[in-house]
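Notes follow once the structure below has been shown.
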Amino acid sequence: MKMTFPHLGPAYLAAALALKELGIPVVVPPANTGKTLEKGKSVSPEEMCLPFKFMAGNLIEAYDMGAQCVIMPATMGPCRLGEYGELLKQVLDQAGYAMEWILLDTPKAIGIKEWLRRLGTAGRESNATVLKAARVLTGSVQLMLSLDRLEAKIKEQAGYARHPGDCVKMLRSLRKELEASENLRAAGRTMAKYRRAVKMLPVNSRRRPVKILVTGEIYTSIEASANQNLEEQLMLMGCSVKRPVNISWWMAHTIRPSLPVPGRQRKRVYLPYSIGGYAKETVKEIRDSEEDGIIKIMPAGCMPEIVAKAVSNLIQEKEGKKILHLVFDEMQAAAGYETRIEAFVDMLERRRRVFLGN
Amino acid sequence: MRVGVPKAYFYYAYKPFVESFCQGLGIQVEFSGDTDQEILERGNRVCVDEACLPVKVMCGHVKKLADSCDAVALPRIMRTEFGESICPKVAGAADLAAASEMDKKLIFTEPLYLDDRKKLEKALWKQCKKLGIRRLDFKVNFLNALLSQEMAERGLDEEGYRYKVFLAGHCYNIYDPFVNMDLIEKLHRMDIGVVTEERVTRQEKDSGLAYADLMKKPYWSFFVNNFGSMRALRKKGIDGVLYLSSFSCGTDSFTVEMLKKNLNGMPFFVLKLDEQRGEAGFDTRLEAFAELLKGRSRQ
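Taken in order, these protein sequences are the chains called X and A.
Take 1 as the starting number for the first sequence in full-length UniProt numbering and just add one per residue.
Take 1 as the starting number for the second sequence in full-length UniProt numbering and just add one per residue.
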């Protein structure tokens, strides 16, 4: 039984390697393109948000490549993401793409026993021992964590590099090489190679780049095709980009709180309660940011991020942060976004010269 | 101290509780009155653009009260009495409204978990104490309010009309005649009576959900109410389902789709509301729906 999963940024690299090592046949859907979105749109309800349409497209493409079973994590709302699985199954079944579903809900929602059972169903075709499974799982999590760290480093370096294009190229080839790697060990070697390469990058230490924080809804943040390659655009303009919302961040905010590990909780002035999605965390990132400017992104109609937008407007007024809101939908109108991003970066550069004297 | 209570949003679902709770607390309570064009315009001005119509209406009510009262009560409902959540924009209602410079005046913004009576009482008392209400008054009022919410007969189940449709949707759209442009009155004129989800018991909803072949337990109260009730009412011989939704409603984009797949051939009609309030188009669609019902009964 060939397994598949919808894309979420670089998560497929680690997930595919982990499943391969466990001996579970896996179909990785092709990377998101305009065509993916077209296919997704053809089965999706009009008002569902952008990530749903991409995911539907991924699963259709995977089905055409022979996938028979979908594995997908889910949470208990109240954001729509938690119900994605349910509706994806409905619309895909109806459109003739019937597949088996394994919905990995949070252990809190379905109980640890059921959670383990579902994990067991996922691994029923593997003949790996529990010990090996645990080793592979930690290995892939580690790969994910170090990949996120490395990518963050490269994006930060983009502002200082002599040729900002180098960083963009490096990010692309890093992903390509990881995709081609045979197993976790080989992936580890690739990572080490690139870690060295980052240090060798020619830099201009006198540059004072504009620093930009990219935050907002998680899918549009992680999946570059859903945000019109926002980060690459910024890097090519010579900005230093920071994006705290990545897979490691997701793991820290979703998996950890559902485990019985006590964590420190600080009460916040703006949006102190979790209202669903990651609105609370987005607001926290914006509030605590020290970058020159913030680009807050979301797909059209995202419920939690609408609240976050209202709150960040308040923060902008009171704390003097500079925020650009970008809303993405399936109209892939790149030029309009480009213009706004350029204007924003220009404004930040100018502001820096005028007010801060450098 | 003058406390304003917006007549919007979940006021319509918890009206008996709110009204009974406000009486005899020893503070002046002012209700914001029915929604009108002015309130909607105020809401449009202060609210974030992407929000849906009910949020804008709510902001308009709060803004109106903020001008005339010392404080505005805007509860933050995290979970309903059956433990489901509603929508991020309801849980963040206070934050949405606060973003338009009324944050100092908002009270009762502690999270309310209606499925846990002790927690609910504690959260309400915390605020009441600050308002200088005596413990005994609070306790009596709280119990009274709970009782009246439980005893009140809510919702509509109209007899005596030729057709009967299930009017699905959200309480703040269904019971606000300004927002839905007198929908119920218009339906009556077309000889259509309505039944709403409040008249379906929780057990019926649950059993409606149980056989729906869902992969996971749904966590939205709107989904349970509308989807469960539709499946329960389907057996009771209703002529159709009319879904009153607001533009860009997040939960409805899911609920409507799931409803469509479980209709068994019953007429289904979605009406979208937005702040443009195009009444002619709305009427035309309604008439088309009435024609559909007529055509089916002739067959």
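Virtual Cβ for every residue (Gly too), placed ideally from N, Cα, C.
Partners in chain A for residue i, counting only beta-carbon separations shorter than 9 Å
i       : result
X/Gln90 : Glu257, Met258 and Lys261
Rounded Cβ spacing between residue i and residue j (contact assumed at less than 8 Å)
i        : j        : result
X/His7   : X/Pro29  : 6 Å
A/Asn262 : A/Ala168 : 12 Å between Cβ atoms; not a contact.
A/Val165 : A/Val241 : 6 Å
X/Thr215 : X/Pro299 : Not a contact, Cβ separation roughly 14 Å.
A/Ala94  : A/Arg76  : 5 Å
Span separating the alpha-carbon of residue i from that of residue j
i        : j        : result
A/Glu253 : A/Pro54  : Just to set this straight, residue 253 of chain A is Ser in the shown sequence, not Glu. Rounded to whole angstroms, A/Ser253 to A/Pro54 spans 16 Å at the Cα level.
A/Asn144 : A/Leu120 : 14 Å
A/Val62  : A/Val72  : 7 Å
X/Leu234 : X/Ile341 : 8 Å
X/Val307 : A/Leu96  : 6 Å
A/Arg154 : A/Glu198 : 6 Å
X/Asn229 : X/Leu50  : 15 Å
X/Val269 : X/Glu61  : 45 Å
X/Leu324 : X/Lys242 : 15 Å
X/Leu213 : X/Leu236 : 15 Å
A/Leu292 : X/Lys35  : 38 Å
X/Asp166 : A/Cys59  : 49 Å
X/Glu21  : X/Met3   : 14 Å
X/Asn183 : X/Arg135 : 13 Å
A/Cys69  : A/Ser32  : 10 Å
X/Val70  : X/Trp101 : 5 Å
X/Ser312 : X/Leu92  : 37 Å
A/Ile86  : A/Thr80  : 7 Å
A/Leu271 : X/Arg353 : 53 Å
A/Leu286 : A/Ala212 : 29 Å
A/Val90  : X/Gly276 : 10 Å
X/Asp148 : A/Tyr11  : 46 Å
A/Phe108 : X/Ala343 : 41 Å
X/Ile295 : X/Leu326 : 7 Å
A/Lys130 : A/Ala66  : 19 Å
X/Lys132 : X/Trp115 : 19 Å
A/Leu124 : A/Val195 : 33 Å
A/Ile133 : A/Lys122 : 14 Å
X/Thr33  : X/Phe52  : 14 Å
A/Ile184 : A/Pro177 : 8 Å
Chain-ordered chain A contacts of residue i [CB-CB under 8 Å]
i        : result
X/Gly277 : Pro88
X/Glu281 : Residues of chain A passing the Cβ test: none, with the nearest at roughly 13 Å.
X/Ala74  : Lys216
X/Leu271 : Gly92 and Asp95
Contacts of residue i in chain X (Cβ-Cβ under 7 Å)
i                      : result
A/Met215               : Gly85, Glu86, Lys89, Trp101 and Leu103
residue 320 of chain A : With chain A covering only 1 through 299, there is no way to say anything about residue 320 of chain A.
A/Trp125               : Under the 7 Å cutoff, chain X gives no residues; its nearest Cβ is about 19 Å from A/Trp125.
A/Phe268               : Within chain X, no residue comes near A/Phe268; the closest Cβ sits about 14 Å away, beyond 7 Å.
A/Ser253               : Pro45, Glu47 and Met48
Under 8 Å from the C-beta of residue i: neighbouring residues of chain X
i                      : result
residue 304 of chain A : The structure shown does not extend to residue 304 of chain A, since chain A spans only 1 to 299, so no value can be given for it.
A/Pro111               : Tyr273
A/Ala99                : Ala310, Val311, Asn313 and Leu314
Neighbour list for residue i in chain A, Cβ cutoff strictly below 7 Å
i        : result
X/Met303 : Cys87, Pro88, Lys89 and Gly250
X/Pro299 : What X/Pro299 touches in chain A: nothing, since even the nearest Cβ is about 11 Å away.
X/Val198 : Correct list: empty, because the minimum Cβ distance to chain A is about 38 Å.
X/Pro6   : Per Cβ cutoff of 7 Å: no residues; X/Pro6 is ~15 Å from chain A at best.
Partner residues on chain X for residue i, Cβ-Cβ distance less than 9 Å
i        : result
A/Tyr219 : Met76, Gly77, Pro78, Gly82, Glu83 and Ala109
Proximity test, residue i beta-carbon vs the ligand FMN heavy atom, cut-off 7 Å
i       : result
X/Val43 : By its list of ligands, the structure shown contains no ligand whatsoever, and the ligand FMN lies outside what it can speak to.
Exercise. Tell me, please, whether the stretch 221-234 of chain A touches the stretch 32-43 of chain A by the rule of three or more beta-carbon pairs shorter than 8 Å.
Key: no
Quiz item: Per the contact definition of three or more C-beta pairs closer than 8 Å, is the stretch 146-158 of chain X in contact with the stretch 167-179 of chain X?
Solution: yes
Quiz prompt | Near-chain A residues of the stretch 305-324 of chain X - C-beta to any C-beta below 8 Å | solution = Ile306, Val307, Lys309, Ala310, Val311, Asn313 and Leu314
Practice problem: Could you list the residues in the stretch 80-108 of chain X with a C-beta less than 8 Å from some C-beta on chain A, going in chain order? | Solution: Arg80, Gly82, Glu83, Gly85, Glu86, Leu87, Lys89, Gln90, Val91, Gln94, Trp101, Leu103 and Asp105
Exercise. Report yes or no: do three or more beta-carbon pairs, one from the stretch 283-297 of chain X and one from the stretch 84-95 of chain X, lie closer than 8 Å?
Key: no
Quiz item: Do three or more CB pairs link the stretch 233-252 of chain A to the stretch 260-280 of chain A at distances below 8 Å?
Solution: yes
Practice problem: Count the CB pairs spanning the stretch 125-145 of chain X and the stretch 5-22 of chain X that are closer than 8 Å, and state whether there are at least three. | Solution: yes
Self-check item: Touch test, the stretch 37-44 of chain X against the stretch 54-69 of chain X, Cβ-Cβ under 8 Å, three pairs minimum
Solution: yes
Quiz item: When you check each C-beta in the stretch 40-63 of chain X against every C-beta of chain A, which residues fall closer than 7 Å?
Solution: Pro45, Glu47 and Met48
Exercise. Give the residues from the stretch 42-53 of chain A that approach chain X closer than 7 Å (Cβ to any Cβ), ordered along the chain.
Key: Val48, Glu50 and Ala51
Self-check item: Under 8 Å (Cβ pairs) to chain A, residues found in the stretch 324-345 of chain X
Solution: Val327
Quiz item: Should the stretch 3-14 of chain A be regarded as contacting the stretch 315-334 of chain X, the criterion being three or more beta carbon pairs within less than 8 Å?
Solution: no
Quiz prompt | Meets three-Cβ-pair contact criterion under 8 Å: the stretch 184-195 of chain A and the stretch 135-151 of chain A | solution = no
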